[in-house]
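These notes are about the structure you will find just below.
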Amino acid sequence: MHNTRTIKEDIIWVGATDRTVRLFENLFPLDHGMSYNSYVILDEKTALMDTVDSSVSEVYLENVAHALNGRNLDYLILHHMEPDHCANIQAIVRRYPEVMLVGNKTTFKFLEQFYDIQVQENYHLIKDKDTLTLGKRTLQFMLQPNVHWPEVMFSYDSEDGVLFSADAFGSFSPLDGNMFTDELDFEHRIADQSRRYYVNILGKFGANVLRALKKIGDLPVKMILPLHGPVYRSEEHIQYITNRYQQWGNYEAEEKSVLILFGSMYGNTGNAADKLASLLAEKGVKNIRLYDISNTDISQMVSDMWVYSNIVFASPNYNGDLMYKMDFIIREAIRMNLQKRKISFLSNATWGGTALKTMQAYFDNPKNFEIVGEPVQISSSVKENNLPQLEELATAIVASMETIE
Numbered sequence: 001m002h003n004t005r006t007i008k009e010d011i012i013w014v015g016a017t018d019r020t021v022r023l024f025e026n027l028f029p030l031d032h033g034m035s036y037n038s039y040v041i042l043d044e045k046t047a048l049m050d051t052v053d054s055s056v057s058e059v060y061l062e063n064v065a066h067a068l069n070g071r072n073l074d075y076l077i078l079h080h081m082e083p084d085h086c087a088n089i090q091a092i093v094r095r096y097p098e099v100m101l102v103g104n105k106t107t108f109k110f111l112e113q114f115y116d117i118q119v120q121e122n123y124h125l126i127k128d129k130d131t132l133t134l135g136k137r138t139l140q141f142m143l144q145p146n147v148h149w150p151e152v153m154f155s156y157d158s159e160d161g162v163l164f165s166a167d168a169f170g171s172f173s174p175l176d177g178n179m180f181t182d183e184l185d186f187e188h189r190i191a192d193q194s195r196r197y198y199v200n201i202l203g204k205f206g207a208n209v210l211r212a213l214k215k216i217g218d219l220p221v222k223m224i225l226p227l228h229g230p231v232y233r234s235e236e237h238i239q240y241i242t243n244r245y246q247q248w249g250n251y252e253a254e255e256k257s258v259l260i261l262f263g264s265m266y267g268n269t270g271n272a273a274d275k276l277a278s279l280l281a282e283k284g285v286k287n288i289r290l291y292d293i294s295n296t297d298i299s300q301m302v303s304d305m306w307v308y309s310n311i312v313f314a315s316p317n318y319n320g321d322l323m324y325k326m327d328f329i330i331r332e333a334i335r336m337n338l339q340k341r342k343i344s345f346l347s348n349a350t351w352g353g354t355a356l357k358t359m360q361a362y363f364d365n366p367k368n369f370e371i372v373g374e375p376v377q378i379s380s381s382v383k384e385n386n387l388p389q390l391e392e393l394a395t396a397i398v399a400s401m402e403t404i405e
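Written out as structure tokens, the structure reads:
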């Protein structure tokens with residue numbers, strides 16, 4: 001049975017939520033599934049904005065047919081060629097063989113790489129700043145390379161200030177009937193999942209995100225329609241998410257506080273991390289976050305690295321080197337271009353090893369990271385003689401936070 005929602009009088013949501021998927025891109029945990037958004041514009045000409053994942057094809061195709069209500073489909077606009085958004089292109093072309101596929105040069109390159117589809121006569125090639133008139137609505141296209149993938153583009157409808165933003169401004173969220181952010185508990189249901197989505201999907205491409213924000217900066221955006229998660233129509237929420245994207249794209253921390261990531265085989269390194277957290281709290285640091293890396297999703301930990309000004313990495317030696325999961329977490333954060341953070345270290349060794357040196361080597365670029373305090377080194381378990389070291393590190397961390405504007 002079809003399930004569509006009216007966004008505006010002539011813009012219809014025809015997407016769907018897959019509530020069975022547990023890993024987005026087979027990597028990132030999803031608690032309640034994932035939404036895949038697609039939209040139909042009904043004007044003198046009709047346009048379908050992207051398709052959806054193959055997991056929801058059946059209801060999606062019913063939704064498109066219901067929204068069109070017997071009309072032909074004139075344009076399929078391809079903002080993003082990742083398979084969770086393009087899996088139904090062939091099905092749409094079979095049902096509407098005269099449809100024009102709107103995309104850029106890289107769009108069609110990827111289309112032909114993913115699918116054995118020979119419809120070049122249906123290609124409508126666009127370049128940056130090109131427009132497409134549907135009737136009262138005219139879409140302006142903005143190429144936004146590497147706001148996830150190289151072919152990504154936005155489109156903007158000046159009639160109502162509607163921005164179709166591809167993967168930008170999305171979130172790891174299902175849609176549970178409520179379509180708009182202002183219908184939801186934004187702080188608890190959307191804000192954190194928008195950050196986790198941004199950091200893990202777009203985080204590496206901060207410079208590209210900032211260029212995208214500059215391109216849309218002078219446009220009166222009254223509504224943002226992303227490919228995942230709810231639609232933004234509240235001025236407050238649009239301002240919030242664009243400000244956050246500016247902050248995240250600049251790799252600026254959201255708050256002056258401390259994130260402590262620790263690995264611990266038998267609880268001793270964890271004990272040291274707990275003691276450090278208590279010392280920081282006693283010195284007035286609020287909202288400290290402490291994660292056991294063995295029991296916490298990596299995408300959540302990396303996401304929180306975009307929140308905190310100071311990060312402490314605490315690891316035992318494992319087989320004479322850094323605990324492998326800690327090594328992976330740090331490499332993932334560096335790969336996602338983490339920068340502008342104050343870093344501290346704690347290591348634990350029973351019979352030696354290079355864990356501390358390995359961690360230090362990852363953060364040896366003074367342009368991107370400031371090392372705070374002397375590393376705390378414990379031998380097997382925390383002893384009285386370690387307490388002054390922990391105290392000194394806590395003092396150094398607090399002092400470093402006072403220099404943050």
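The sequence shown begins at 1 in full-length UniProt numbering and counts up by one. Where is the CB? At the ideal position from N, CA and C, for every residue including glycine. This one's a predicted model, so the numbers in the text were calculated from it and none came from an experiment.
Cβ shell of residue i (< 6 angstroms), same chain only, five flanking positions each side left out
i	result
Val372	Lys342, Ser344, Ala396, Ile397, Ser400
Asn310	Val258, Lys342, Ile397
Ser155	Leu139, Phe141, Phe164
Thr269	Phe262, Ala314, Pro316, Asn348
Gly320	Gly353
Ala168	Val147
residue 454	The displayed coordinates of the chain run from 1 to 405. Any statement about residue 454 would go beyond what the structure contains.
Thr350	Ser380
Asn208	Asn146, Val147
Residue i - containing alpha helix (DSSP H), residue span
i	result
Arg94	89-95
Lys105	105-114
Asn243	235-249
residue 407	Since the displayed the chain opens at 1 and closes at 405, residue 407 lies outside it and no answer follows.
Ile288	It is not in any alpha helix (DSSP H) - Ile288 carries neither H nor E in the DSSP assignment.
Gln300	298-305
Met359	355-362
Thr403	Note, Thr403: premise wrong, no alpha helix (DSSP H); not H, not E.
Glu332	324-335
Leu276	268-282
Residue span of the beta strand (DSSP E) that contains residue i, given as start and end
i	result
Pro316	308-318
Glu255	255-262
Asn348	341-348
Arg5	5-8
Ala212	Ala212 -> not in any beta strand (DSSP E); alpha helix (DSSP H) instead, spanning 206-216.
Met223	223-225
Glu370	369-371
Ile126	Where Ile126 is concerned, there is no enclosing beta strand (DSSP E), given that its DSSP letter is neither H nor E.
Gln377	376-378
Leu143	138-143
Ile11	11-13
Thr17	16-18
Proximity below 8 angstroms, CB of residue i to CB of residue j
i	j	result
Gly135	Asp74	no
Ile92	Leu48	yes
Glu254	Gln246	no
Asp50	His79	yes
Ala273	Met305	no
Ile216	Ile238	no
Tyr39	Ile12	yes
Lys283	Ile404	no
Val302	Val376	no
Asn243	Gly206	no
Asn337	Lys214	no
Thr46	Asn69	no
Ile298	Ile329	yes
Close beta carbons around residue i, own chain, < 8 angstroms, minus the five adjacent residues each side
i	result
Leu184	Asn178, Ile190, Pro230
Phe281	In the sequence under discussion, the amino acid at residue 281 is Ala, which differs from the Phe named in the question. Closer than 8 angstroms at Cβ, skipping near neighbours: Ile288.
Thr20	Gly33, Ser55
Asn109	Before going on, a small fix: residue 109 reads as Lys here, not Asn. The residues are Glu151.
Close Cβ partners of residue i (< 7 angstroms) along its chain, the five nearest in sequence each way excluded
i	result
Phe24	Leu30, Met34, Phe172
residue 434	Here the chain covers residues 1 to 405 and nothing more, so residue 434 does not appear.
Lys8	Asp160
Asp182	Arg233, Ser234, His237
Thr4	Ile12, Trp13, Val14, Asn63, His66, Ala67
Ala394	Leu276, Leu279, Leu280, Lys283
Gln300	Arg196
Phe180	Pro230, Val231, Arg233
Met265	Pro316
Fill in: At least 3 beta-carbon pairs within less than 8 angstroms: the stretch 265-281 vs the stretch 225-237
no
Practice prompt. Determine contact between the stretch 172-186 and the stretch 31-51, defined as no fewer than three beta-carbon pairs at a distance below 8 angstroms.
Written response: yes
Fill in: Three-pair Cβ contact test at 8 angstroms for the stretch 188-208 versus the stretch 221-230
yes
Discussion item. Between the stretch 49-65 and the stretch 113-125, can you find at least three pairs of beta-carbon atoms closer than 8 angstroms?
Written reply: no
Worksheet item: Which whole runs of the beta strand (DSSP E) in the stretch 29-87 are 3 residues long or more, in chain order?
Response: 34-36, 39-42, 46-49, 75-77
Worksheet item: Quick check: the stretch 119-134 against the stretch 100-108, are there 3 or more CB pairs under 8 angstroms?
Response: yes
Worksheet item: Counting pairs of beta carbons, one from the stretch 378-390 and one from the stretch 353-360, are three or more of them closer than 8 angstroms?
Response: no
Worksheet entry | Length-filtered (3 minimum) beta strand (DSSP E) runs lying within the stretch 145-207 | 153-157, 162-164
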